[in-house]
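Before any comments, here is the structure.
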Amino acid sequence: MSWLLALPIVVPFLTAVLAFLTRQSPLGRWISVAGSAVLLFASITLMNTVLRDGVIAGQMGGWAAPFGITLVADLLSAVMVLITAIVAVAVSIYAIADVDEGMERLGYHALFNMLIAGVVGAFITGDLFNLYVWFEVMLIASFGLLVLGGRPEQIDGGVKYVALNLVSTIMFLTGIGLLYGMTGTLNMADLATAVDDADQRLLTIVAVLFMIAFGVKAAVFPLFFWLPASYHTPAFSVSAVFAGLLTKVGVYALLRMFTLVFDHDTAFTHTILLWVAGLTMVVGVLGAAAQSDMRKILSFHIVSQIGYMILGLALLTPLAIVGAVFYLVHHIVVKANLFLIAGVAQRIAGGTELSRIGGLYKSAPLLAVLFVVPAFSLAGFPPLSGFWAKFLLVKAALDVQGWIIAGIALAVGLLTIYSMTKIWAQAFWEPHPDGIEPKLSSLSSRDRAAMLIPIAGLAVLTVIIGVMPEPFVQFAEASAAQLLDPTAYITAVLGEQP
Numbered sequence: 002m003s004w005l006l007a008l009p010i011v012v013p014f015l016t017a018v019l020a021f022l023t024r025q026s027p028l029g030r031w032i033s034v035a036g037s038a039v040l041l042f043a044s045i046t047l048m049n050t051v052l053r054d055g056v057i058a059g060q061m062g063g064w065a066a067p068f069g070i071t072l073v074a075d076l077l078s079a080v081m082v083l084i085t086a087i088v089a090v091a092v093s094i095y096a097i098a099d100v101d102e103g104m105e106r107l108g109y110h111a112l113f114n115m116l117i118a119g120v121v122g123a124f125i126t127g128d129l130f131n132l133y134v135w136f137e138v139m140l141i142a143s144f145g146l147l148v149l150g151g152r153p154e155q156i157d158g159g160v161k162y163v164a165l166n167l168v169s170t171i172m173f174l175t176g177i178g179l180l181y182g183m184t185g186t187l188n189m190a191d192l193a194t195a196v197d198d199a200d201q202r203l204l205t206i207v208a209v210l211f212m213i214a215f216g217v218k219a220a221v222f223p224l225f226f227w228l229p230a231s232y233h234t235p236a237f238s239v240s241a242v243f244a245g246l247l248t249k250v251g252v253y254a255l256l257r258m259f260t261l262v263f264d265h266d267t268a269f270t271h272t273i274l275l276w277v278a279g280l281t282m283v284v285g286v287l288g289a290a291a292q293s294d295m296r297k298i299l300s301f302h303i304v305s306q307i308g309y310m311i312l313g314l315a316l317l318t319p320l321a322i323v324g325a326v327f328y329l330v331h332h333i334v335v336k337a338n339l340f341l342i343a344g345v346a347q348r349i350a351g352g353t354e355l356s357r358i359g360g361l362y363k364s365a366p367l368l369a370v371l372f373v374v375p376a377f378s379l380a381g382f383p384p385l386s387g388f389w390a391k392f393l394l395v396k397a398a399l400d401v402q403g404w405i406i407a408g409i410a411l412a413v414g415l416l417t418i419y420s421m422t423k424i425w426a427q428a429f430w431e432p433h434p435d436g437i438e439p440k441l442s443s444l445s446s447r448d449r450a451a452m453l454i455p456i457a458g459l460a461v462l463t464v465i466i467g468v469m470p471e472p473f474v475q476f477a478e479a480s481a482a483q484l485l486d487p488t489a490y491i492t493a494v495l496g497e498q499p
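For the sequence shown, my numbering assigns the number 2 to the initial residue and increments by one for each residue that follows.
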């Protein structure tokens, strides 16, 4: 199975190399689209194998675990790789219209595919040191994409982005060193049992270090300031892939480590996570309410929605973990799509500042419909995917008598509706302040197709998850069961029962 686990990493790396070699010609964009399509095929194959055979693991280079490099895929890893591939296909197609030739010559497609390789590697690595390596691959590629073009606001956002992420790196490496010194291993499956013999008080301190490190990546309160300072500055293709995937790697790492390794003192660690979840939801949604630019509003809502996912982990009940997994997948699709829609609005209306645009409903009704689907889903309107995600988490909170956090989650949902209706009212419903009619026909047929096809595809996926939630909830239940009982994960990696 080693080749099947390595393929989703190898494909985007090879695509990045080929795209870099052809960056001076239009061929690079088509190589990127083709590479994303191959990645999607590989991820579907991986998902089918995990569904059929259960957790699979491979030891790279022939070194047995826990000494070698381990790649492992359970249901959570497999679905994250699959949804990454879906976003990669959507964004690579969209970039045909969004990314100009100057950015292509500077290596946009190579950096984009290197970023995808880093994200996929983080999802299927089986040891902490290589998780750090994949984080650094992501950081290098994302910084390159963030500053590509060299505008002052991009440089400013890029410096803030890198500065706080370097702090995260230092915290992560410190935690890795302490954990290795305590247990003698960095293999996640091996750590699951090795920490039982470690000093539990010191282990709690290490857990907090990891919480901070991954919290920066996930953009939780109070470590989120780099995100709204940077996500509105690059090309819309870059914003979309950042919004969909980057913070979710941090959430994934928290889910993995705080169910597999750091589950010894949940009364302390998960109480912190509960407070973090509530504050992240509230601060994020209030920040969004104060903004008047589409991308800034959506950036703050990334922060807000991350709070819901952390809430599921903090509650740590089977239903809460189900809700966290479901929310994770739903949010990637919805948030990436909203940024893609913002890009179309900018192209035809002349900007994303709400006071300077308008008239999109009258002159571009198709775009209006495509906006309503992810916007209403983000706010939690039934029967879209966001409703079921929020329902699962609120019910999980009520089941453990978490009345206050359930109330916060519901209130944040109402404020999310406020932000989405503000965008709808000013960008779509009210006339354009300059009296123009922004029309999709102003785009070339190629650009119109390249932008609207991925938006429509992601919107359809949102509707499917919403109107037919049962198979997706059942999948989330199976994934949550593996997280809460990691026996199959440990056995697949180490070949023995814990």
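All residues carry an ideal CB built from backbone N, CA and C; glycine is no exception.
Neighbour-count burial assignment, Val461, 16 or more Cβ in a 10 Å radius: Along the sequence shown, read from residue 1 onward, the residue named residue 461 stands at position 460. Exposed is the call here.
Quick check: Asn166 and Leu129, are their CB atoms within less than 7 Å of each other? As a working note, residue 166 is residue 165 in the sequence shown. As a working note, residue 129 is residue 128 in the sequence shown. Cβ distance not < 7 Å, so Asn166 and Leu129 don't count as in contact.
Let me know the beta strand (DSSP E) ranges lying completely inside the region 206 to 292, each 3 residues or longer, listed in chain order. none
Alpha-carbon spacing of Ser300 relative to Lys336, whole angstroms: As a position in the sequence shown, residue 300 is number 299, starting the count at 1. As a position in the sequence shown, residue 336 is number 335, starting the count at 1. The alpha-carbon atoms of Ser300 and Lys336 are separated by roughly 9 Å.
As assigned by DSSP and simplified to three states, the class of Ile358: Translated into the one-based positions of the sequence shown, residue 358 becomes position 357. Ile358: coil per DSSP, three-state reduction.
Give me the Cα-Cα distance between Ala291 and Leu367, rounded to the nearest whole angstrom. Taking the first residue of the sequence shown as 1, we reach residue 291 at position 290. Taking the first residue of the sequence shown as 1, we reach residue 367 at position 366. One C-alpha to the other measures close to 28 Å.
Answer with buried or exposed for Ala86, where buried requires no fewer than 16 other C-beta atoms within 10 angstroms of its C-beta. Locating residue 86 in the sequence shown gives position 85, counting from the first residue. Buried is the call here.
In terms of DSSP beta bridges, what is Gln60 paired with? Along the sequence shown, read from residue 1 onward, the residue named residue 60 stands at position 59. Per DSSP, Thr71.
State the CB to CB distance for the pair Gln427 and Gly360, rounded to an integer number of angstroms; the pair is presumed to be in contact (CB under 8 Å). The residue given as residue 427 occupies position 426 in the sequence shown. The residue given as residue 360 occupies position 359 in the sequence shown. Their Cβ separation, rounded to whole angstroms, is 10 Å, which puts Gln427 and Gly360 out of contact at 8 Å.
Let me check understanding here. Comparing Cα to Cα, which of Phe473, Arg152, Ala315 lies closest to Ala390? Within the sequence shown, the letter at position 389 stands for residue 390. Answer by Cα proximity: Phe473.
Please give me, in chain order, every unbroken run of the alpha helix (DSSP H) with length at least 4 that falls completely inside the region 115 to 177. 129 to 148
May I have the straight-line CA-CA distance separating Ile333 from Gly127, to the nearest angstrom? Here residue 333 refers to the residue found at position 332 when the sequence shown is read from its first residue. Here residue 127 refers to the residue found at position 126 when the sequence shown is read from its first residue. Cα to Cα, the separation comes out at about 23 Å.
With respect to 6 Å, is the separation between the Cβ of Thr194 and the closest non-hydrogen atom of the ligand COA below this value? Ligands in the displayed structure: none, and consequently the ligand COA is not present.
What does the Cβ neighbour count give for Asp198, buried or exposed, with the cut at 16 atoms within 10 Å? In the sequence shown, the residue the question calls residue 198 occupies position 197. Result: exposed.
Look at the Cβ atom of Thr463, then the Cβ atom of Ser378, and state whether they are nearer than 7 Å. As a working mapping, residue 463 is identified with position 462 in the sequence shown. As a working mapping, residue 378 is identified with position 377 in the sequence shown. Taking 7 Å as the Cβ cut-off, Thr463 and Ser378 qualify as a contacting pair.
Can you say whether Asp99 is buried or exposed, counting buried as having 16 or more other CB atoms within 10 angstroms of its CB? Residue mapping note: residue 99 aligns to position 98 of the sequence shown, counting from 1. Answer is buried; the Cβ neighbour count reaches 16.
Alpha-carbon spacing of Trp276 relative to Leu317, whole angstroms: As a position in the sequence shown, residue 276 is number 275, starting the count at 1. As a position in the sequence shown, residue 317 is number 316, starting the count at 1. C-alpha separation (whole angstroms): 14 Å.
Using beta-carbon positions only, say whether Ile307 and Ala219 come within less than 7 Å of one another. Looking up residue 307 in the sequence shown gives position 306. Looking up residue 219 in the sequence shown gives position 218. Contact: yes.
Asp294 by DSSP, collapsed to three states: which one? Start at 1 with the first residue of the sequence shown, and residue 294 comes out as number 293. Strand, per DSSP.
Report all residues from its chain with a CB closer than 6 Å to the CB of Ala397; omit the five preceding and five following residues, and keep chain order. Walking along the sequence shown from the start, residue 397 turns up at place 396. Answer for Ala397: Leu316, Thr318, Leu320, Ala321, Gly324, listed in chain order.
Rounding to the nearest angstrom, what Cα-Cα distance links Ala376 and Ala17 in this structure? On the sequence shown, position 375 is the one that residue 376 refers to. On the sequence shown, position 16 is the one that residue 17 refers to. Taking the straight line from one Cα to the other gives about 33 Å.
Measure from the alpha carbon of Val242 to the alpha carbon of each residue in Val209, Ala96, Ile406, then state which is nearest. The residue labelled residue 242 in the question sits at position 241 within the sequence shown. Closest option to Val242, Cα to Cα, is Ala96.
Might you give, ordered along the chain, the residues of its own chain that have their beta carbon closer than 6 Å to the beta carbon of Ile213, omitting 5 neighbours on each side? Taking the first residue of the sequence shown as 1, we reach residue 213 at position 212. These residues qualify, in order along the chain: Met172.
Using only the alpha-carbon positions, how far apart do Ser44 and Arg348 sit? Working through the sequence shown from its first residue, we reach residue 44 at position 43. Working through the sequence shown from its first residue, we reach residue 348 at position 347. Each residue's alpha carbon lies about 33 Å from the other.
Comparing C-alpha positions only, which one of Met189, Trp227, Ser293 sits nearest to Leu255? Translated into positions along the sequence shown, residue 255 becomes position 254. If we check each option's Cα against that of Leu255, Met189 comes out closest.
For Ala481, which of His110, Leu132, Ile406, Ser78 has the nearest alpha-carbon? The residue you call residue 481 lines up with position 480 of the sequence shown. Comparing Cα positions, the closest option is Ser78.
Out of Gly285, Ala365, His265, Thr234, which one is the CA nearest neighbour of Ser442? Taking the sequence shown and counting its residues from 1, the one referred to as residue 442 is at position 441. The shortest Cα separation from Ser442 among Gly285, Ala365, His265, Thr234 belongs to Ala365.
Using 7 Å as the threshold, is the C-beta distance between Gln60 and Thr71 below it? Residue numbering aside, residue 60 sits at position 59 when the sequence shown is read from its first letter. Residue numbering aside, residue 71 sits at position 70 when the sequence shown is read from its first letter. Yes.
Reference Thr488; option with closest CA among Asp75, Ser33, Pro27: Residue mapping note: residue 488 aligns to position 487 of the sequence shown, counting from 1. When each option's Cα is compared against that of Thr488, the closest is Asp75.
Work out the CA separation of Gly178 and Pro455 for me, nearest whole Å. Start at 1 with the first residue of the sequence shown, and residue 455 comes out as number 454. Start at 1 with the first residue of the sequence shown, and residue 178 comes out as number 177. Approximately 43 Å, taken between the alpha carbons.
Quick check: Ala118 and Val250, are their CB atoms within less than 7 Å of each other? On the sequence shown, residue 118 is found 117 positions in, with the first residue counted as 1. On the sequence shown, residue 250 is found 249 positions in, with the first residue counted as 1. Going by C-beta atoms, Ala118 is not nearer than 7 Å to Val250.
Counted within 10 angstroms of its Cβ, other Cβ atoms place Ser93 as buried (16 or more) or exposed: For the purposes of this step, residue 93 is taken as the residue at position 92 of the sequence shown. Buried, since its Cβ has 16 or more Cβ neighbours within 10 Å.
Go ahead and label Arg24 buried or exposed: buried means 16 or more other beta carbons lie within 10 angstroms of its beta carbon, across all protein chains shown. Here the question's residue 24 lines up with position 23 in the sequence shown. Buried, because 16 or more other Cβ atoms sit within 10 Å of the Cβ of Arg24.
Look at the alpha carbon of Met40 and the alpha carbon of Phe226, and state the distance between them as a whole number of angstroms. Sequence index remark: in the sequence shown, residue 40 carries index 39 (1-based). Sequence index remark: in the sequence shown, residue 226 carries index 225 (1-based). This sequence places Leu at residue 40; Met is not what is there. In a straight line, the C-alpha of Leu40 is about 32 Å away from that of Phe226.
Exposed or buried, which one is Val468 when buried takes at least 16 other CB atoms within 10 Å? On the sequence shown, position 467 is the one that residue 468 refers to. When all chains shown are included, Val468 counts as exposed.
C-beta atoms of Ala91 and Leu459 nearer than 7 Å: To locate residue 91, count along the sequence shown from 1; it is residue 90. To locate residue 459, count along the sequence shown from 1; it is residue 458. In this structure, Leu459 lies closer than 7 Å to Ala91 by Cβ.
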